[in-house]
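J.: Sequence order for the protein chains is A and B. Residue 130 in this note's numbering sits at position 130 of the first sequence; the count goes up by one each step and never skips. Here this note's numbering = 1-based position in the second sequence + 244. One structure coming up, written as C-alpha cells, with questions to follow.
Protein chains: 2
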Amino acid sequence: MMMEGSRSSSSNSCFTCQTRGRTEWCVLTDEELKLLDKGKVSRDYLPGEVIFHEADACQGIHCIESGLVGVRKMNANGQEILLRLGYPGDTLGYRSMLSGDDHNNSAEALEPSEICFIDAATVRTLLTRNPTLGLRFLNHAATDLSAAEDKVLQSTTLPVRARFAHLLLVLKDRYGVVGEDGAMVLELPLSRQDMAAMIGIRPESMSRTIRSFEDDEIARFTGRRVHVRNIDDLIEELELAEGL
Amino acid sequence: MMMEGSRSSSSNSCFTCQTRGRTEWCVLTDEELKLLDKGKVSRDYLPGEVIFHEADACQGIHCIESGLVGVRKMNANGQEILLRLGYPGDTLGYRSMLSGDDHNNSAEALEPSEICFIDAATVRTLLTRNPTLGLRFLNHAATDLSAAEDKVLQSTTLPVRARFAHLLLVLKDRYGVVGEDGAMVLELPLSRQDMAAMIGIRPESMSRTIRSFEDDEIARFTGRRVHVRNIDDLIEELELAEGL
DNA sequence: GCAACGCCTTGACCATAGTCAAGCAAGGCC
DNA sequence: GGCCTTGCTTGACTATGGTCAAGGCGTTGC
C-alpha cells in the first residue's frame with residue numbers, strides 16, 4: 001500500500017555495498033559477485049512492513065543492507081515471540097531456503113530498512129560454485145542454533161525479571177552508553193510489546209516488570225529511553241536467579 | 245550386564261557401518277571414507293556415561309552407531325533441560341566443532357551405545373575436500389535450528405499438559421504402536437526425570453501431570469510403558485491450548 | 001539381614017505470571 | 001474541534017507450576 005520504496009536495484013551494487021564485509025558474501029570472487037549483483041533485488045521497507053510471513057514459500061534469501069528487522073514466530077493461538085533482531089549484514093530466511101522448507105518464521109521491518117532479495121536459484125549456483133560460502137552459512141547456522149538453545153534454557157529456568165535483565169544486558173552492546181560509574185543509558189528501538197515478545201511474556205507482565213525495576217531503583221524508563229542506575233544491578237539480578 | 249565394551253575401532257569399519265546411509269557421511273567417496281575410517285575411534289558407552297561435558301573443549305565430533313544419547317544443557321543453578329535425543333546416525337557436537345567453540349551442551353548415553361569419535365583435523369580435511377559434506381551439515385544445522393525455535397515458542401506459550409501431550413506425540417513416531425481404534429502403547433526409553441527435563445519442568449510437576457492424564461483417562465502409566473486410550477485426546481489437548 | 005541410595009510420588013504452601021477488564025495518553029484523521 | 005485507534009498501564013483475580021518436606025518402593029551393597 002505504500003511504495004515509498006522501489007529504489008531500483010541498479011542504484012546500489014553489491015560491489016559497493018557497505019555491509020558486505022559483515023555478510024556471508026564476503027568470500028565471493030569478483031565474478032561470483034557479479035552473478036550475485038545481477039540476481040539480487042533491493043527494496044525499501046517501512047517500519048511495520050512485512051518482508052515475509054510464516055508459512056510463505058521460501059523463494060530465496062534476504063540480506064539486510066540497512067535498518068532493523070524483527071524475526072517473529074507465532075503459534076496457532078496468535079501468541080507471538082520475537083526470536084531475534086536482524087541488523088545490517090544479517091541474512092534472513094537462509095534456514096528455510098537451505099532445508100527447502102517454507103518459512104517458519106516471519107520478518108518485519110522495525111525501522112526503515114533497505115533489504116536485498118536473492119532468489120533461490122542464484123543462491124544455489126553460488127553455493128555450488130564457492131564451497132566456502134556454504135561453510136560461512138554453516139557457521140551462521142551454528143551460531144543461531146547455539147543462541148536458540150540458550151533461549152530454550154533461559155525461558156524454562158529463569159524468572160521474568162532475570163530474563164529482562166539479561167535482555168537489557170544484551171541490548172547494551174548495541175544501544176547502550178555506559179558511564180564511568182556503571183550507569184547506563186539505552187536508546188532502544190523497541191516497543192514494550194516487542195520487548196515482551198523477546199522474553200516470551202505478555203505486555204501486562206512487561207509493564208509490571210518495568211515497574212518493579214523502577215520501584216527497586218534499578219532503572220528508569222521514559223518512552224524508549226532507559227536509564228540504568230548501575231549495570232551491576234542487572235548482572236546481580238541474573239546471578240541471583242541462577243543461584244549464585 | 246556390563247563391559248561388553250571396548251570393541252576395538254578396527255572391528256567396525258565405516259565401510260560396513262550400518263548407519264552410514266543415515267549420516268552426513270553418505271556423500272563421501274571411497275577414498276574419503278578411507279580417511280574417515282582411519283581417523284575415527286569407536287567406543288562403547290554404558291547408560292549414564294558421559295560422552296562430553298558442557299564447556300569441554302571440542303576436539304571433534306561424535307557419530308552414534310547404536311544406542312541412545314541425551315543432549316543436555318544446564319544453567320548455573322544446576323537446573324537441567326534435555327534438548328534432544330540422539331539416535332543411530334546422528335551426529336553430536338558438530339555445532340561447537342564448526343563454530344570453533346567449546347561444547348555448550350553435554351551428551352550422555354541413555355542406553356548402551358556405540359559411538360565413533362572423529363577428530364577435528366579429519367573433519368576439517370573432509371570438509372574442504374568434499375563441499376557436499378558441508379552442505380549436509382548445513383542441512384542438519386538448519387533442521388536443528390528450526391526444532392530449537394519451535395521449542396522456544398512452545399515453552400513460552402504452551403502449558404505443561406500440552407507440552408507433555410506434544411512430547412508423547414513426538415515419541416510415538418519412534419516408540420509407539422498405534423492400534424486401529426486410535427489406542428497406542430509406548431515403550432519409552434526415558435525416566436520421568438528425563439521426560440520432565442525434555443519439556444522443561446521439575447520432576448514433581450511431571451508426576452502431577454502424569455496423574456492428571458490418568459485422572460482424565462487420557463493415558464495410563466506403568467513404569468516406562470504408556471497406554472494412551474486414544475491418540476486424538478493428545479492432539480485435542482494440544483489444540484485446546486493453542487486456542488483452536 | 002539391614003542400611004543406603006536413587007527414583008518417584010504426594011501434600012501443603014506460595015510466588016509468579018497469565019487473564020480479563022478498564023482507563024489513560026498520544027497520534028492520526030475527518 | 002471531536003473521534004478513532006493503538007500502545008501502555010493498572011487493578012483484581014486466578015491458575016499454573018515451583019518449592020520444601022516427607023514418605024514409599026526397589027535396587028545395591030555390606
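All residues carry an ideal CB built from backbone N, CA and C; glycine is no exception.
By DSSP's criteria, residue 407 of chain B is part of a beta bridge. Which residues make up the other side?
T.: Beta-bridge pairing links residue 407 of chain B to no other residue.
J.: How would you label residue 157 of chain A, buried or exposed, when you count the other beta carbons within 10 angstroms and need 16 or more for buried?
T.: Buried, since its Cβ has 16 or more Cβ neighbours within 10 Å.
J.: Looking at the unbroken alpha helix (DSSP H) that takes in residue 109 of chain A, where does it start and where does it end?
T.: It is not in any alpha helix (DSSP H) - residue 109 of chain A instead sits in the beta strand (DSSP E) that spans 106–109.
J.: What are the residues of the segment 262–275 of chain B that lie near chain A, defined by any Cβ-Cβ distance shorter than 8 Å?
T.: If the cut-off is 8 Å between Cβ atoms, the segment 262–275 of chain B has nothing near chain A.
J.: Between B:458, B:266, B:260 and B:271, which lies nearest to residue 377 of chain B when the distance is taken from Cα to Cα?
T.: Taking only the C-alpha atoms, the option nearest residue 377 of chain B is B:271.
J.: Using 8 Å as the limit for Cβ to Cβ distance, is residue 375 of chain B near chain A?
T.: Answer yes: the Cβ-Cβ gap between residue 375 of chain B and chain A drops below 8 Å somewhere.
J.: Put residue 217 of chain A into one of helix, strand or coil per three-state DSSP.
T.: Of the three classes helix, strand and coil, the one that applies to residue 217 of chain A here is coil, per DSSP.
J.: Excluding five sequence neighbours on each side, which residues of the same chain lie with their C-beta closer than 8 Å to the C-beta of residue 78 of chain A?
T.: There are no such residues.
J.: Does residue 209 of chain A have its Cβ less than 8 Å from a Cβ in chain B?
T.: Taking Cβ atoms only, chain B never reaches closer than 8 Å to residue 209 of chain A, which makes this a no.
J.: Mind checking if residue 390 of chain B is an interface residue toward chain A, Cβ cutoff 8 Å exclusive?
T.: So, interface residue.
J.: Per DSSP, what kind of secondary structure is residue 39 of chain A in: helix, strand or coil?
T.: In this structure, residue 39 of chain A counts as helix in the three-state DSSP scheme.
J.: Roughly how many whole angstroms lie between the Cα atoms of residue 224 of chain A and residue 67 of chain A?
T.: Each residue's alpha carbon lies about 17 Å from the other.
J.: Leaving aside the five residues before and after residue 352 of chain B along the sequence, list all residues of the same chain whose C-beta is less than 6 Å from its C-beta, in chain order.
T.: Within the same chain, residue 352 of chain B has close Cβ partners 294 and 314.
J.: Should residue 228 of chain A be flagged as near chain B, meaning a C-beta pair shorter than 8 Å?
T.: With 8 Å as the cut-off, residue 228 of chain A does not count as an interface residue toward chain B.
J.: What would DSSP say about residue 227 of chain A, mapped onto helix, strand or coil?
T.: Correct three-state label for residue 227 of chain A: strand.
J.: List the residues of chain A whose Cβ lies closer than 7 Å to the Cβ of residue 352 of chain B, in chain order.
T.: Those within 7 Å of residue 352 of chain B in chain A number zero; the least Cβ separation is about 16 Å.
J.: On the premise that residue 114 of chain A lies in contact with residue 44 of chain A, defined as a C-beta separation below 8 Å, what is that separation, rounded to the nearest angstrom?
T.: So it is a contact: roughly 5 Å between Cβ atoms.
J.: Give me, in chain order, the residues of the same chain whose beta-carbon lies closer than 8 Å to that of residue 446 of chain B; leave out the 5 immediate sequence neighbours on both sides.
T.: Hits under 8 Å: 440.
J.: Alpha carbon to alpha carbon, how far is residue 477 of chain B from residue 412 of chain B?
T.: Roughly 11 Å separates the two Cα atoms.
J.: Taking residue 79 of chain A as the query, report the chain B residues whose CB atoms sit under 7 Å from its CB, ordered along the chain.
T.: Within chain B, the residues near residue 79 of chain A are 401.
J.: For residue 374 of chain B, which residues of its own chain have a beta-carbon under 8 Å away from its beta-carbon, when the five flanking residues on both sides are left out?
T.: Answer for residue 374 of chain B: 271, 272, 273 and 276, listed in chain order.
J.: Check the Cβ-Cβ distances between residue 124 of chain A and every residue of chain B, and say whether any is below 8 Å.
T.: It does not: the Cβ of residue 124 of chain A has no partner Cβ on chain B nearer than 8 Å.
J.: When the distance is taken between beta carbons, is residue 385 of chain B closer than 8 Å to residue 138 of chain A?
T.: The answer is yes: Cβ separation under 8 Å.
J.: Pick helix, strand or coil for residue 5 of chain A, following the three-state DSSP scheme.
T.: Interpretation of residue 5 of chain A is limited by its pLDDT of 42, a score under 50 that renders its predicted location unreliable; the figure taken from the coordinates is listed afterwards. Note: residue 5 of chain A maps to coil in three-state DSSP.
J.: Based on Cα-Cα distance, which residue from A:228, A:62, A:162 and A:92 lies nearest to residue 182 of chain A?
T.: Here the closest residue by C-alpha is A:228.
J.: Give me, in chain order, the residues of the same chain whose beta-carbon lies closer than 6 Å to that of residue 36 of chain A; leave out the 5 immediate sequence neighbours on both sides.
T.: The answer, listed in chain order, is 14.
J.: Considering only C-alpha positions, which residue in the set A:199, A:150 and A:174 is nearest to residue 320 of chain B?
T.: The option with the nearest alpha carbon to residue 320 of chain B is A:150.
J.: Rounded to whole angstroms, how far is the Cβ of residue 97 of chain A from the Cβ of residue 120 of chain A, which I believe are closer than 8 Å?
T.: Confirmed, about 6 Å.
J.: Where do the ends of the alpha helix (DSSP H) carrying residue 137 of chain A lie?
T.: Where residue 137 of chain A is concerned, the enclosing alpha helix (DSSP H) stretches over 131–157.
J.: Can you name the residues of chain A whose CB is closer than 9 Å to the CB of residue 296 of chain B?
T.: Those do not exist, as residue 296 of chain B stays about 15 Å from chain A at its closest Cβ, beyond 9 Å.
J.: When you compare the CB positions of residue 199 of chain A and residue 160 of chain A, do they come within less than 8 Å of one another, or not?
T.: It is a contact, given that the beta carbons lie within the stated cut-off.
J.: Counting only the same chain and skipping the five closest in sequence on each side, list residues whose C-beta sits under 8 Å from that of residue 47 of chain A.
T.: So the qualifying residues of the chain are 109, 110, 111 and 112.
J.: The beta strand (DSSP E) spanning residue 446 of chain B covers which residue range?
T.: Element bounds for residue 446 of chain B: n/a, residue is neither H nor E.
J.: In terms of residue numbering, what span does the alpha helix (DSSP H) encompassing residue 357 of chain B cover?
T.: Premise fails: residue 357 of chain B lies in the beta strand (DSSP E), 357–363, not in any alpha helix (DSSP H).
J.: Under 7 Å between beta-carbons, which chain B residues line up against residue 202 of chain A? List them in chain order, please.
T.: Within 7 Å Cβ-Cβ: nothing; residue 202 of chain A doesn't reach chain B, min ~10 Å.
J.: I want to see whether chain B comes within less than 8 Å of residue 143 of chain A, judged by CB atoms only; does it?
T.: It does: the Cβ of residue 143 of chain A has a partner Cβ on chain B nearer than 8 Å.
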